[in-house]
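Numbering (this note's numbering), first residue to last: 402 to 1248.
Every residue gets a Cβ at the ideal spot worked out from N, C-alpha and C, and that includes glycine.
Predicted model, so just to flag it, every value in this text is computed and none were measured.
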Amino acid sequence: MSSRTIETNPASSYEVLYYKLLEKESGGKIKVVNMGPTEMGNPFLLVIVTSPANHARLEQLRQMNLRLSDPRGVPEAEIKKIVAEGKAVIVQTMSMHASEIGGINMAPELTYDLVSRTDSETQRILDNVVYLEIPSFNPDGAIMIHDYYRKYVGTEYEGGALPWLYNKYIGHDNNRDALTLNMKDSQYVGKLMFVDWKPQAYVDHHHMGTYGARIFVPPYAEPIRPLGDPLVWREMQWYGGHIAQKEEEAGLSGIMNNGQYSGWGHFGFHWITPFHNIAGMLTESASARLATPIYIDPSQLSGGARNLETYKEQMNFPDPWPGGWWTLRGIVERQKVSAWATLDLAARNKETVLWNAYLKASRQTERGAKGKPSAYAISASQHDPLTLNKLVNFLLQQGIEVMQSARGFGTPDGMTYPGGSFYVSLAQPKMGLIRYLLGETHYSDNEWTRQQDGTPMRPYDMGADVLAEYMGIKADPLNDAVKADFVKVAAPIVSVGKLAPKGPFGYVIDGRLNDAYRAVNMLWEKGVAVRRVDKPADGLRPGDWLVPAGSEAAYTEAAAKTGVDFNALKADVKDGVHETKRLRIGMYQRYRGGNMDEGWTRWIFETWGFPFTQVYDAEILKGNLNAKYDVFIFADDSTGTITGEPNVGGGGGGRGGSFAGVPDTTPPEYRSGIGNAGVTAIKDFVQKGGTLITLGGATDFAITKLGLPVRNVVAGLSPKEFFVPGSTLRVKIDNTNPLAYGMPSEGLVLFHYSPAFDVVATDFNDRNDIVVRYADRNVERSGWLNGEKYIAGKTAMASVGYGQGTVVLIGFRTQNRAQTHGTYKFLFNALVTPPAKVAITATRNNQ
Ligand SMILES: [Zn+2]
């Protein structure tokens, strides 16, 4: 994998040098800020463009802007003064998806025009707008794409898709990271927009498929996500109308708005910002073959999108592009007009834009104060309180105000909350966002979301994004506001654990804490003998971790770094425990554009301290995997992709590869798939005692290729019968099973077009364990569950004996996008030495 940085290869620093040069030559109109290193150590740039006079008082303008964005307690006279004297703040971000290269190529020209043009339109923008530009929202990916493209220019592979993820971990999912800001790039942009500046409008420039409209510009189509301020949607029509009109003025064809992209999408950057009261918008340009033109016959142009059924003139698409050669130049022209028009509209209407900012924030605050619920109470007493701290930190990253009470508080209807509990009032500007992150959410089920025959239409992403549910944290909606001695949580919570005074019997770490696995990994690293409790006894629960006296320095360090407490054991524990050791973990790594779920898993393993090896096809094909690995993981994937069936319809492996007469644009060394020999090697690994963990769709690989006695009960059902996009579902958990140690007996899992299982009866049923089952009724907690009867009571997670080994099937998204902390333990437990099978049986017989 290409991983060079600007420091190691100056060729890719041209972009940085270019903006630095513009800064030097612009006469004070540009300031270039290096926001910090990316995940791969490259600089992440912010380019601030405004008049020299505005630059001179930038901090004052920022403070004024923040007053408008949260006008609670600000006198109206001051608001009016800010509207008159403040400046519109606009953010635009380029090429977050690094293969969508229009933005990163457009921004240099846009920026150059802004600082070199001397006409009155340009001057008006500089005078009235503070323009915050992210010229590359994914510098690591931009370098990879550039290098890969240059390498193959002039060969049959020119313009082919990058075979691996276009950043260190998560590829295309970097947009979905707006919810929890796990990656450094996301943190920079999140802090810029959600905390430091709170702009009035945001445009994120992307690419889409090749054969429809040439560019999509705002507004979105139906359905919209409720709970935003109505003005925010009207503003998108306003900006979008201006953009589309400017495109037509410029004679650019193929402009489409109010189509294809619905207003209810994922909580990526452009779709979460509306709930920050920012007009969060998107452009999507038709793709060429990276920088290589593509020829399109007019007959190949098609509609088939929301509000663009046929490729013909219509109200939101009055000027169809006629076909021919489609080039990067055509993309850059259209994107540049849309980016410029956004700035132009804000400049021409600066006072309206700022007054709207005040209206959006104050009206959302009023709605939150009057609505029900009016607040969420989050008890300090949670199953995993350290994960609660993480949730609070995620809310703070979003710029949400969170209160805490040292003494605890009660509600009018008699609920009480212990000291340290949190309180999130909805009487604040981001009330819509709070409702979605903390409160039960049901996706719209109406005429916009079903076809005429009743078939559900796929939401753009998940059916809900309830972070509290993802994290296993209980947040209680309160109908009435509570007054107590609340103090605003001013800084991210740092969890620091304690080591109990030294006792003779050693210490116990609570097995319910996700961070216990981080602590145990640190201790394994130092060679500490760690045991795990299997049988409840004397205050110990199955899953608790025991460590001996004698390594107190290591415990103190682990407590400080992870937040877990080391409590003194009251007695020697000899029975009902097992020794654990560090398992050797291999995880399948493929090409075909890479696997985002694998990348997220890799990031989680690094964050939690699980060492692992990325295993490519060649190593699997050599066989004898048991010599190097105890556990082997396939992240969420399709069976065909794992085995290496021909690519169909692109998907990262190069277009047209499945047609004999069409060149495959993927070089042979990057065509992946383990084939029959690989399946044999995996079978052999499990039969000889290895543990195979399969996540999400990869469970199908295990079931079909290893021939497990398991059936996916929702396979083959039509969407009209069964349809579940990204929803949290209620489950029952056998937390006496080592794979579910530390879990509550009931919980929520994230189901996203996932499989659900029946373990088929055989003569050897005792070799299998059903670890998690869906609830028998009332299965949906949030999202959209169409067809409950097909899944109620069915198996969600199982382990299946196979030869000497075990296959673990986790159908739901147990570690999705590093957001579902509430179900991490199912994966982590599979990475820990299990008790001897005999011991489990004995435990059961005793119950
Ligand atoms: Zn994109």
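(Q) Can you look up Leu941 in the DSSP assignment and give me helix, strand or coil? (A) In the structure shown, Leu941 sits in a strand (DSSP, three-state: E or B).
Q | Among Ser470, Phe1152, Asn1179 and Gly995, the one whose alpha carbon lies nearest that of Lys488 | A | Out of Ser470, Phe1152, Asn1179 and Gly995, Ser470 has the C-alpha closest to the C-alpha of Lys488.
Q) Does Asp541 get closer than 8 Å to chain B when you measure Cβ to Cβ? A) The structure shown contains no chain B; it holds only a single protein chain.
**Q.** Range of the contiguous alpha helix (DSSP H) that encloses Gln493
**A.** Run containing Gln493: none in the alpha helix (DSSP H); it sits in the beta strand (DSSP E), Ala489 to Met495.
Q. With which residues is Lys1133 paired in a DSSP beta bridge?
A. Glu1147 and Arg1174
Q: Going by CA-CA distance only, name the one from Leu1109, Thr1100, Glu767 and His843 that's closest to Arg1168.
A: Leu1109
Q | Of the listed residues Tyr558, Gly1184 and Val1173, nearest to Arg690 (C-alpha basis) | A | Tyr558
Q. Can you tell me whether DSSP reads Thr1044 as helix, strand or coil?
A. If DSSP states are grouped into helix, strand and coil, Thr1044 belongs with the helices.
Q: Give the DSSP bridge partners of Thr684, in chain order.
A: His606
**Q.** Residue nearest to Pro620 in terms of C-alpha spacing, selected from Ala1176, His606, Gln638 and Thr611
**A.** Gln638
(Q) Taking 8 Å as the threshold (C-beta atoms), are Ala1082 and Leu1026 in contact? (A) By the CB criterion at 8 Å, Leu1026 and Ala1082 fall inside the cutoff.
(Q) Can you confirm whether the segment 927-945 touches the segment 864-880 when touching is taken to mean that 3 or more C-beta pairs between the two stretches lie within less than 8 Å? (A) no
Q. Which whole-angstrom value describes the C-beta separation of Ala1193 and Ala1219, a residue pair presumed to lie in contact below a C-beta threshold of 8 Å?
A. Separation of the CB atoms of Ala1193 and Ala1219 is rounded to 29 Å, and the pair is thereby denied contact status at 8 Å.
Q | Cβ-based burial, Asp574 [other Cβ within 10 Å; buried from 16] | A | buried
Q. Taking C-beta to C-beta, are Val1150 and Val1132 nearer than 8 Å?
A. The answer is yes: Cβ separation under 8 Å.
**Q.** Of the listed residues Val754, Gln798 and Ser826, nearest to Tyr589 (C-alpha basis)
**A.** Gln798
Q. How many whole angstroms separate the CB atoms of Asp911 and Val948, which I take to be in contact at a CB cut-off of 8 Å?
A. That pair is no contact at about 13 Å.
(Q) My parser needs the alpha helix (DSSP H) runs of 4 or more residues fully inside the segment 705-791; what are they? (A) 729-749 and 751-771
**Q.** Beta-carbon proximity check, Arg431 vs Val516, cutoff 8 Å
**A.** A small correction: the amino acid at residue 431 is Ile; Arg does not occupy that position in the sequence shown. Closer than 8 Å, so yes.
Q. Excluding five sequence neighbours on each side, which residues of the same chain lie with their C-beta closer than 6 Å to the C-beta of Pro1145?
A. His784
Q | Distance, Glu522 Cα to Lys1223 Cα | A | A small correction: the amino acid at residue 1223 is Gly; Lys does not occupy that position in the sequence shown. Distance from the CA of Gly1223 to the CA of Glu522, rounded to the nearest whole angstrom, comes to 52 Å.
Q) Below 8 Å, can you find three or more Cβ-Cβ pairs linking the segment 973-985 to the segment 953-963? A) no
Q) When you compare each of Lys552, Tyr567 and Leu566 to Gly560 by their alpha carbons, which one comes out closest? A) Lys552
Q: Have a look at Gly1055 and Asn539 and give me their C-alpha separation to the nearest angstrom.
A: With a pLDDT of only 41 at Gly1055, under 50, the local geometry of the prediction cannot be trusted, and the value read off the model is given with reservation. Approximately 22 Å, taken between the alpha carbons.
(Q) Whole angstroms are fine: how far does the CA of Ile449 sit from the CA of His547? (A) 25 Å
Q. Taking the C-alpha atoms as reference points, what is the distance between Thr1129 and Leu1186?
A. 9 Å
Q) What residues in its chain sit with their C-beta under 7 Å from that of Gly666, if we drop five residues either side in the sequence? A) Trp672, Tyr861 and Asp862
Q.
Using a Cβ-based criterion (distance less than 7 Å to any ligand heavy atom), does Glu501 qualify as near ligand 1?
A. Answer for Glu501: yes, Cβ within range of ligand 1.
Q: Would you check whether ligand 1 has a heavy atom nearer than 7 Å to the C-beta of His498?
A: yes
Q) Are the beta-carbon atoms of Val1111 and Phe1165 separated by less than 8 Å? A) no
Q: Report yes if the C-beta of His667 is less than 7 Å from at least one heavy atom of ligand 1; otherwise report no.
A: no
Q: Measure the Cβ-Cβ separation of Gly664 and Arg707 and say whether it is below 8 Å.
A: no
Q | Start-to-end residues for the beta strand (DSSP E) that takes in Asn583 | A | Per DSSP, Asn583 belongs to no beta strand (DSSP E) and is neither H nor E.
Q. Does the separation of the CB atoms of Gly542 and Asn506 fall below 8 Å?
A. With respect to the 8 Å criterion, Gly542 and Asn506 are not classified as neighbours on the basis of their beta carbons.
(Q) With distance defined between alpha-carbon atoms, name the residue in Gly725, Ile480 and Ser1200 nearest to Thr753. (A) Ile480
Q: Please report the residue range of the beta strand (DSSP E) in which Ile835 lies.
A: Unbroken run through Ile835 is the alpha helix (DSSP H), Met832 to Leu839; no beta strand (DSSP E).
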